[in-house]
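Below is one structure, written out as structure tokens, with a few remarks after it.
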Amino acid sequence: MREGTAPLIRREDYTAPAFWIRTVDLTFDLDPAKTLVINKMAVERNPDQPGASLRLDGEDINLTRVLVDGEPVSFRVENQQLVLDNLPDQPFALEIRTTCAPGKNTQLSGLYTSGGGFFTQCEALGFRRITYFLDRPDVMSVYKVTLKADKLKYPVLLSNGNLVEQGAIDADRHYAVWEDPHPKPCYLFALVAADLVSREQRVRTRLGKEHLLQIFVRAGDLDKTEHAMQSLMASISWDEIRFGLSLDLERFMIVAVSDFNMGAMENKGLNIFNTKFVLANPATATDVDFGNVESVVAHEYFHNWTGNRVTCRDWFQLSLKEGLTVFRDQQFSQDMAGSASARAVKRIEDVRTLRQLQFPEDAGPMAHPVRPDSYMAIDNFYTATVYEKGAEVVRMMHTLVGEAGFAEGMKLYFQRHDGHAVTCDDFAQAIADANPESELTKRLDQFKHWYTQAGTPRVQARGSYSAEHKTYTLHLSQNCAPTAGQPAKLPFVIPVAMGLVAHDGRNLNLHLEGEALPIGTDTVLVLSEPEQTFTFVHVPVEPVPSLLRGFSAPVVLQAELGDDALFTLLTHDKDPFNRWEAAQRLALRRLLQAVSGHGPAELDPRFIQALRGVLRNAELDAAFKELVLTLPSEAYVAEQLDTVDPQRIHTARESLKLQLAKALHEDWIWAWEQHNDCGAYSPDPVSSGRRALANLALSMLCLDGATRHNPIWTGKAFQRFKDANNMTDRLGALGALVNSHADLAPDALSRFHEQFRDEPLVIDKWFTLQAAAPEKDGKVFARAKALMQHPDFTLRTPNRARSLLMALCQMNPAAFHRPDAAGYVFWADRVIEIDSINPQLAARLARALDHWRRLAEPYRTAAREALGRVMAKPDLSDDVREIVTRALQ
Ligand code: 0A1
Ligand code: ZN
Numbered sequence: 063m064r065e066g067t068a069p070l071i072r073r074e075d076y077t078a079p080a081f082w083i084r085t086v087d088l089t090f091d092l093d094p095a096k097t098l099v100i101n102k103m104a105v106e107r108n109p110d111q112p113g114a115s116l117r118l119d120g121e122d123i124n125l126t127r128v129l130v131d132g133e134p135v136s137f138r139v140e141n142q143q144l145v146l147d148n149l150p151d152q153p154f155a156l157e158i159r160t161t162c163a164p165g166k167n168t169q170l171s172g173l174y175t176s177g178g179g180f181f182t183q184c185e186a187l188g189f190r191r192i193t194y195f196l197d198r199p200d201v202m203s204v205y206k207v208t209l210k211a212d213k214l215k216y217p218v219l220l221s222n223g224n225l226v227e228q229g230a231i232d233a234d235r236h237y238a239v240w241e242d243p244h245p246k247p248c249y250l251f252a253l254v255a256a257d258l259v260s261r262e263q264r265v266r267t268r269l270g271k272e273h274l275l276q277i278f279v280r281a282g283d284l285d286k287t288e289h290a291m292q293s294l295m296a297s298i299s300w301d302e303i304r305f306g307l308s309l310d311l312e313r314f315m316i317v318a319v320s321d322f323n324m325g326a327m328e329n330k331g332l333n334i335f336n337t338k339f340v341l342a343n344p345a346t347a348t349d350v351d352f353g354n355v356e357s358v359v360a361h362e363y364f365h366n367w368t369g370n371r372v373t374c375r376d377w378f379q380l381s382l383k384e385g386l387t388v389f390r391d392q393q394f395s396q397d398m399a400g401s402a403s404a405r406a407v408k409r410i411e412d413v414r415t416l417r418q419l420q421f422p423e424d425a426g427p428m429a430h431p432v433r434p435d436s437y438m439a440i441d442n443f444y445t446a447t448v449y450e451k452g453a454e455v456v457r458m459m460h461t462l463v464g465e466a467g468f469a470e471g472m473k474l475y476f477q478r479h480d481g482h483a484v485t486c487d488d489f490a491q492a493i494a495d496a497n498p499e500s501e502l503t504k505r506l507d508q509f510k511h512w513y514t515q516a517g518t519p520r521v522q523a524r525g526s527y528s529a530e531h532k533t534y535t536l537h538l539s540q541n542c543a544p545t546a547g548q549p550a551k552l553p554f555v556i557p558v559a560m561g562l563v564a565h566d567g568r569n570l571n572l573h574l575e576g577e578a579l580p581i582g583t584d585t586v587l588v589l590s591e592p593e594q595t596f597t598f599v600h601v602p603v604e605p606v607p608s609l610l611r612g613f614s615a616p617v618v619l620q621a622e623l624g625d626d627a628l629f630t631l632l633t634h635d636k637d638p639f640n641r642w643e644a645a646q647r648l649a650l651r652r653l654l655q656a657v658s659g660h661g662p663a664e665l666d667p668r669f670i671q672a673l674r675g676v677l678r679n680a681e682l683d684a685a686f687k688e689l690v691l692t693l694p695s696e697a698y699v700a701e702q703l704d705t706v707d708p709q710r711i712h713t714a715r716e717s718l719k720l721q722l723a724k725a726l727h728e729d730w731i732w733a734w735e736q737h738n739d740c741g742a743y744s745p746d747p748v749s750s751g752r753r754a755l756a757n758l759a760l761s762m763l764c765l766d767g768a769t770r771h772n773p774i775w776t777g778k779a780f781q782r783f784k785d786a787n788n789m790t791d792r793l794g795a796l797g798a799l800v801n802s803h804a805d806l807a808p809d810a811l812s813r814f815h816e817q818f819r820d821e822p823l824v825i826d827k828w829f830t831l832q833a834a835a836p837e838k839d840g841k842v843f844a845r846a847k848a849l850m851q852h853p854d855f856t857l858r859t860p861n862r863a864r865s866l867l868m869a870l871c872q873m874n875p876a877a878f879h880r881p882d883a884a885g886y887v888f889w890a891d892r893v894i895e896i897d898s899i900n901p902q903l904a905a906r907l908a909r910a911l912d913h914w915r916r917l918a919e920p921y922r923t924a925a926r927e928a929l930g931r932v933m934a935k936p937d938l939s940d941d942v943r944e945i946v947t948r949a950l951q
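Residue numbering for the sequence shown follows the working numbering, beginning at 63 and increasing consecutively.
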């Protein structure tokens, strides 16, 4: 375990490695208690660093032998590094033998056991927990791997690349030899030895090559693998068509594992997945799960080019692969969604995630640039900023050079860098160089502030109309608040997609002053100065500006539009994203008034009528309606406030929700009746949208019914819960009961548990539902705490721990932030407890108090105390120490 105070690692300190490791020949004698690893490497000195010692990283492993060219040599082990001095200038063979104990590896980094099998996780720094190595992504080697294990317990033996040999060792043990021809960094190494079954599919790609696709799961889960296989095949075709990138391996394998710290891992040819993101069938997975499986399968597959063929020079460049790959999986999911409306729904969901996770991160103690400058534990930087904001940065480049220009840029990127470990600068340069006339290329250095500066920029917009001259002048300005270590920010390059909408509903033709011709009903303005003015001519009537269409940049827009203007956009904007955004702004304004106590506690008829208009509009899709009719989250409301009282926000939001439930009662009944029968289950966007709207309607009807002690709708929900033919509807009905605190909820919960007791992913949902329910009189907190004692609960399986603890501490502010501080005491106890088992998991939970400084009293003082308690743990891991230190700074 890495303990004590690790030094800060800085981007500017990067130096090339002193040696290269060209080939690696690994032999594993697998045993949970003591696995022997023989590592034979072909090593070459980097001629730029003559005389340097070789320093190999290692952690939690026992060294038994070191040979250079077959001879024992002297060595030192110093600060978790094996140091060899006086090595030859000529290439040499280095052999290292170590042992490790996979059965005791509760951190789930390196080689570990799960459900009786062996699995690995090497990103970011797990390989050093398997053998001594240059554990850095710029050292790329060709691997040969021999696995030896008990035949009965571990019938399936897998590693990267191609299977070249397999057979029996003796009556009990067998072996397999795998070779991966593609040089790779060690974080992409993987092995699996387990008792698994597989779904197989042969495909022929556009290049005419045949490939074998395999998905390995535990026996009994095979009926949950079809969707992942379909998603994989769709991803393979999409990457060929959109980017001309083909599968470069004979065999592509996905393996599902129940114990996993993250979502999934793109090991070359052998992706290892958290079961949550691969297993799905209608009986056990919701529409959201189906969508997640599709995008995570795509994400890991796309990494084969963006991450594996071209990898990162150092971990500061993480967004080079993650931002780009998230952008690619988002584009893929939009294309899979099909219709313009379904694409918009996907975009709205992505932006909701960005605002919910990344904006708060950028405004808190963990704020960091997309390309960070320093870290203590790199595991803490697999963040919403690196992933989601990183994807927005790539999306802005795409907007500035256009789809065809971006494809050209990608081509150039692979021509230049295939097989190499490179930087974010190299990527941006390739996109720019392929598009010499673009706005990106003209301002490339300035554009790169998106990589170097943390914080969410604010864009202010003011417009004025001259009826006399028929001109509309739009004044845009930008600023970005200081973040830790960055007191003053330079202006960003911000693409502002926009249009002008007349109050009568017309989307006006845009004609910029000085341009010969109008440019259609939408355009992209580029804001690159602190302030800029854009004038439109021949504007027939006073328009409402529709700015940042499709959320064209990750900024906070302050447009100061009145209700009239927002109602116009909600009804008429041609951009569905901005229609949704207008409804969110209208709702947010009312929520903030309710929280502050300034303004009416009652919702105004006009707002209610507008929402009714959306709900009843025959031209809009159900999925879009569900998004418009869902109030902004408590976390998003908190984001807008300098001082946060979570209980006040909760009370205000619950009150508005209840008002909507009551005021639209007849409309919810209509929505339920029109949408609740979707026939045979299919996860397509139209059917899933209908289910989402029906379930929202049901939850609103139950909420209203429960407050009036009217059992009709809770009774219907209970019936639905029992009869549903798919998990989305069953869980939707159960949620309607639990979230309205209906009398029937406990009975439904125990039936649900009984029915799905053998489905771990469904039991996770059962924990989450209870821990994330709207708080009422402290009962939700008490229940969540009691669930820790449930026989199915364990802190050792990350999915299970997250299902209860993240739901309570991250997703349920009103249950967590209690005036009696019991939530914080509980949190500190859990962080301390998990830290000794799995520091990465503990560090994720530790982030629940990132925003303690903005809390109102008495929360603030109590939260500070809880952070202090965690900090005082004697052997605190670097992972948690980094999070808590930053929070307290
Ligand atoms: N590269 C993976 C994410 C990942 C990172 C770290 C892991 O273990 C600590 C596992 C997975 C991805 O982006 O999907
Ligand atoms: Zn990734």
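Cβ coordinates follow ideal geometry from the N, Cα and C atoms, glycine included.
Are Trp-240 and Val-259 touching if we call contact CB-CB under 8 Å? no
Exposure label - Lys-841; buried when at least 16 CB within 10 Å: exposed
Taking the beta carbon of Ile-945 as the centre, do at least 16 other beta carbons fall within 10 Å, making it buried, or is it exposed? buried
Would the stretch 379 to 388 count as touching the stretch 289 to 296 if we require 3 or more Cβ pairs under 8 Å? no
With DSSP collapsed to three states, give me the class of Leu-919. Looking at the sequence itself, residue 919 is Glu, so the reference to Leu does not match. Coil at Glu-919, not helix or strand.
Extent of the continuous beta strand (DSSP E) run through Thr-597: 593 to 598
Cα-Cα separation between Gln-851 and Thr-859, rounded to whole angstroms: 15 Å
Taking DSSP's pairing of strands, which residues face Asp-119 in a bridge? Gln-143 and Phe-195
Segments of 4+ residues assigned as alpha helix (DSSP H) that fall wholly inside the stretch 874 to 918: 875 to 878, 884 to 897 and 901 to 908
Is His-727 near the ligand ZN, going by C-beta to nearest heavy atom under 7 Å? no
If Ala-697 sits next to Pro-422, beta carbons under 8 Å apart, how far is it from one beta carbon to the other, in whole angstroms? 7 Å
Applying the criterion that 16 or more other CB atoms from any shown protein chain within 10 Å of the CB defines a buried residue, is Ser-939 buried or exposed? buried
Please report the residue range of the beta strand (DSSP E) in which Leu-552 lies. It is not in any beta strand (DSSP E) - Leu-552 carries neither H nor E in the DSSP assignment.
Asn-541 in three-state terms, based on DSSP: strand
Measuring CA to CA, which of Gln-396, Asn-101, Asp-283 and Thr-445 is closest to Leu-46? Here the chain comprises residues numbered 63 to 951, so residue 46 is not present and cannot be evaluated.
Span separating the alpha-carbon of Arg-73 from that of Phe-443: 13 Å
Evaluate the contact criterion for the stretch 725 to 732 versus the stretch 797 to 811: three or more CB pairs, one atom per stretch, below 8 Å. no
Report the residue from Pro-217, Arg-266, Asn-224 and Cys-248 whose alpha carbon sits nearest the alpha carbon of Val-279. Pro-217
Less than 7 Å between C-beta atoms, sequence neighbours within five positions excluded: which residues of the same chain meet that for His-600? Lys-532 and His-573
Inspect the CB distances between the stretch 883 to 891 and the stretch 400 to 417 and report whether three or more fall short of 8 Å. no
Counted within 10 angstroms of its Cβ, other Cβ atoms place Glu-895 as buried (16 or more) or exposed: exposed
State yes or no: is the C-beta of Val-586 within less than 8 Å of the C-beta of Pro-557? yes
Quick test of your reading: Leu-907 and Leu-950, contact by CB under 8 Å. State the CB separation rounded to the nearest angstrom. Contact flag wrong, Cβ pair sits at about 17 Å.
Environment of the ligand ZN in chain order, Cβ to heavy atom below 6 Å: His-361, His-365, Glu-384 and Thr-387
Proximal residues to Arg-457 (C-beta, below 7 Å), its chain only, five neighbours per side dropped: Phe-389
At the level of alpha carbons, what is the spacing between Gln-183 and Val-455? 28 Å
For the beta strand (DSSP E) holding Pro-605, just list the boundary residues, first then last. 605 to 609
Runs of beta strand (DSSP E) wholly within the stretch 617 to 679 (minimum 3 residues, chain order): 618 to 620
Boundaries (first-last residue) of the beta strand (DSSP E) holding Pro-243: 235 to 247
I'd like to confirm the pairing. Which residues does DSSP put opposite Ala-523 in its beta bridges? Leu-538
Sub-8 Å separation of Leu-173 and Leu-144 beta-carbons: no
Less than 8 Å separating the beta-carbons of Asn-801 and Ala-835? yes
Identify, in the order they occur along the chain, each residue of the same chain with its Cβ nearer than 7 Å to the Cβ of Met-202, setting aside the five sequence neighbours on each side. Pro-245, Lys-246, Pro-247 and Ala-483
Cβ of Met-315 versus every heavy atom of the ligand 0A1: is any distance shorter than 7 Å? no
Limits of the unbroken beta strand (DSSP E) element including Trp-82: 81 to 91
In the DSSP assignment, find the unbroken alpha helix (DSSP H) run with His-511 in it and report its ends. 511 to 514
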